[in-house]
Structure formats: C-alpha cells, structure tokens
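Novice: In the working numbering, the protein residues as written are 39 to 403. Glycine is no exception: its CB is placed at the ideal position from the N, C-alpha and C atoms. Just so we're clear, the structure is a prediction, and the values are computed from it rather than from any experiment. Structure incoming, see below.
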Ligand SMILES: Cc1ncc(COP(=O)(O)O)c(C=O)c1O
C-alpha cells in the first residue's frame, strides 16, 4: 500500500530523544522545548512561540488567551477539520460559518463581512491543505470591525502569502505537529504571536495558571505542556523543514504534470499571492466522474493506493446538529468539495516511482 502520509524521520530525531533519556529530562521542562519554541518562532518571523500538546489545544489556548468567551462569535470556514470549530466551542463562543472557495478550499473572503455581528470577536481562517488564505482582505475586514485574526496554520508550515511566511500574518497563529504534518513531534502544537501580553497569557494558561507563588491560581488554566521528548523530535524536524517543503512541492509538480491530460480531475492550484506547501495533494473529480468518488477510491485501494476523503462540512456534523447549530444553513461549495475531493499519497518521503505508479493506476480506472 502506498500510504497517504507517514512521518519522515531522517535527521537528528533519535539523537535528541536519546539525549532526553540520558539526561533524564523527559517531561515538560528541558532545553529542547525552549529551543524549539524559539527557533520555530524565528522561522515564522514572529516574536514568541508557546508549545502545546497538539494543534487542537493550541487553538483552544489561543482563543482562551484572547479572552474569547460565551456570548462571543467567531467566524470560521465551514470546510475545515473539526478541531477549529471545537476550539471555539471549548471557550463557550459561537462558531459562525463561511463557505469555501472552490479552487483552494479556503474561506471565501467575499462572504465574511455579511456574517459579522456586534458579537463577532475574531476571524479564524484555515490554510487548507497547505494553500494560504487570501489574508489581506481578511486583515482589512478585521481592522474595520476591530476583530482578532487567529490563523489555523496546522497544515501550512513554511507556506507564504505575498512574500510573508504563514504564522506571521495574524494576532495569533496555531500550528499542529501531528504525525502527518510537514514537521512533526508525534503529537504537538504551537501558538505564535508577536504580542508580549498575549504570549504571557498563553504561557500562564497553558500551565494551569501557575504563578510565581506556587499553588495560588487566579483563573482556570489547562495542562497543555509539550514534553521535552516531543520538542526534541520537533527541533530535529525543524532543522529539515525547508527540505520537506521542497519535497512536497516537487511531488505536487510531478503529480500536476502527470495528471495534466486527465479531463475528469481538478489538480490543486497555487494562486498568484501564494506559495503552496501542498501539505496534502488534494484533487477533485469533475465532469462525468463527479459522482464516482466511491468507486474511484475503492479501485485505488484495491490497487494499493491509500487516499483520504476531503473534510465533511461543519454544518453536516451530527455533533453540531445536536447542539442546534447551523440549522437550515447552506454551504454549497463545501458540499461540492466534500463530495468530489480526496487526497492522494502526499508524504515527504514519497518516491518519484510511487507517484508515477499512483498516476498509472488512476489512468487505468
Ligand atoms: C486544519 C487543522 N486544524 C487543527 C488540527 C488539529 O491538530 P491536532 O491533530 O494536532 O490536534 C488539524 C490537524 O489535525 C488540522 O488539519
């Protein structure tokens, strides 16, 4: 089976992890955490990095640190991973959905403004599958209505928007280092910000709201501390991040070339403002094949090619239906993406021969 994605541990991961064991620093203190935080924030051109247990807790922590709470609304795309919307629910705020644009899957910026109310506190764009959102209009709307921008950059390490690296274009940006991400800690996350006050709040809340005088707590905090072992893996991965990004892009261009002559597949785009990192190489089926995704996926599986369906819209999630959210709301582009989209094997460790073989199998369908 050619897998969708596997971790690519080709650097000093084992050396650094072994060091954690040898020095006994296996918990949430130790040099790798601060080094990973510092180097990843420098890489993203941001002043502060606060490591967390995963990308979902990074999002929760970010919203909590911004003081977003019950009674507030947060604008979020309908086409995303559930974590983005769960994080809004964790702080008790209301997620307000905006449909996607068809070619990138990112939030359709032209639909944001009409969803803003007096309760809106933040816009939470998600850089879907590694393609940056159109950040300038998002930032302009945020400025006009005095809203925070929180980037969900879980899928877009190393991507650029108009020459600026993703993570540096918002008040707070959240990353995931799950095993399939461009760099991984196994599990892990990070919140980035250049605002010192927000950074202090993130650090406080992440650590059970401990202050200098231990065992006095003034507010509810969380234990979202990354371990030194996770950070050791992350740091070793970070040393190779540019290589991974280049590999992802090289693989995508090869796929693009080889799939070019198939008239029933849309290949992923790269808008003029973007450097796409192709975290996942996502395609959509069109024309006469639009309704054949199930048969296509099952054919590929039989031939040894693993795929993953695109996200299912947030308005379709039973959990939110039960909560009475998004009733009667329509997000047609999200539904099209969910019905016709899937991603092909995309990991950094993929071999050219494997890509050629995947395309050959696709053509034989
Ligand atoms: C867009 C998006 N947001 C948030 C997350 C959550 O990250 P994690 O799995 O590390 O909790 C993910 C990844 O899984 C994601 O793809």
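If residue 384 and residue 289 are in contact, beta carbons under 8 Å, what's the gap, nearest whole angstrom?
Specialist: Residue 384 to residue 289, Cβ: 7 Å. Contact.
Novice: Could you tell me which residues DSSP pairs with residue 346 in its beta bridges?
Specialist: Partner(s): 381.
Novice: Output the distance between the C-alpha atoms of residue 92 and residue 348, rounded to the nearest integer angstrom.
Specialist: Approximately 21 Å between the Cα atoms of the pair.
Novice: What number of angstroms, rounded off, separates the C-alpha of residue 340 from the C-alpha of residue 303?
Specialist: Going from the Cα of residue 340 to the Cα of residue 303 covers about 20 Å.
Novice: For residue 277, which residues in the same chain have their Cβ closer than 8 Å to its Cβ, ignoring the five residues on either side in sequence?
Specialist: Hits under 8 Å: 49, 50.
Novice: For residue 260, which of helix, strand or coil comes out of DSSP?
Specialist: DSSP places residue 260 in coil when its eight states are reduced to three.
Novice: Taking 8 Å as the cut-off, does the region 172-191 touch the region 54-63 (at least 3 CB pairs, one atom from each stretch)?
Specialist: They do not touch, by the three-pair rule.
Novice: Using alpha carbons as the reference points, say which of 129, 400, 164, 158 lies closest to residue 146.
Specialist: Nearest C-alpha to residue 146: 164.
Novice: Bridge partners for residue 245 per DSSP, in chain order?
Specialist: DSSP lists 261 as partners of residue 245.
Novice: Mind checking whether the beta-carbon of residue 227 lies closer than 7 Å to any heavy atom of ligand 1?
Specialist: Result yes, Cβ under 7 Å from ligand 1.
Novice: Are at least three pairs of beta-carbons, each pair with one atom in the region 98-112 and one in the region 68-84, less than 8 Å apart?
Specialist: These segments do not touch.
Novice: Three or more C-beta pairs under 8 Å: does that hold for the region 165-180 against the region 192-209?
Specialist: Result yes; three or more Cβ-Cβ pairs closer than 8 Å.
Novice: With 16 other CB atoms within 10 Å as the buried threshold, where does residue 286 fall?
Specialist: Counting Cβ neighbours within 10 Å, residue 286 comes out buried, since at least 16 surround it.
Novice: Looking at residue 274 and ligand 1, is the gap between the Cβ and the nearest heavy atom below 7 Å?
Specialist: Not so, every heavy atom of ligand 1 lies at least 7 Å from the Cβ.
Novice: What residue range is occupied by the uninterrupted beta strand (DSSP E) comprising residue 228?
Specialist: It spans 227-231 - the beta strand (DSSP E) in which residue 228 sits, taken as one unbroken run.
Novice: Is it the case that the CB of residue 193 approaches a heavy atom of ligand 1 more closely than 7 Å?
Specialist: Yes, the Cβ of residue 193 comes within 7 Å of a heavy atom of ligand 1.
Novice: Can you confirm whether residue 336, when its beta carbon is compared against all beta carbons of chain B, has any partner nearer than 8 Å?
Specialist: Given the protein chain composition of this structure (a single chain), no chain B is represented.
Novice: Flag residue 283 as yes when its Cβ comes closer than 7 Å to any non-hydrogen atom of ligand 1, and as no otherwise.
Specialist: Flag unset: Cβ of residue 283 not near ligand 1.
Novice: Using 8 Å as the cut-off, can you tell me whether the region 264-271 makes contact with the region 61-70, which would need three or more C-beta pairs spanning the two stretches below that distance?
Specialist: A contact exists between the region 264-271 and the region 61-70.
Novice: Using CA coordinates, which residue listed in 372, 379, 231, 361 is at the minimum distance from residue 332?
Specialist: Of the candidates 372, 379, 231, 361, the one whose C-alpha sits nearest the C-alpha of residue 332 is 379.
Novice: Excluding sequence positions up to five away, which residues of its chain have a Cβ less than 8 Å from the Cβ of residue 260?
Specialist: Closer than 8 Å at Cβ, skipping near neighbours: 95, 98, 99, 102, 243, 244, 246.
Novice: Could you compute how far the alpha carbon of residue 282 sits from the alpha carbon of residue 220?
Specialist: When rounded, the distance between both Cα atoms is 7 Å.
Novice: Check whether the Cβ of residue 216 lies closer than 7 Å to any heavy atom of ligand 1, and answer yes or no.
Specialist: Yes, the beta carbon of residue 216 sits closer than 7 Å to at least one heavy atom of ligand 1.
Novice: Taking 8 Å as the limit between beta carbons, can you name the residues of its chain near residue 365, skipping five residues before and five after?
Specialist: The answer, listed in chain order, is 359.
Novice: Based on Cα-Cα distance, which residue from 54, 255, 256, 388 lies nearest to residue 218?
Specialist: Selected option, being the one with the closest Cα: 388.
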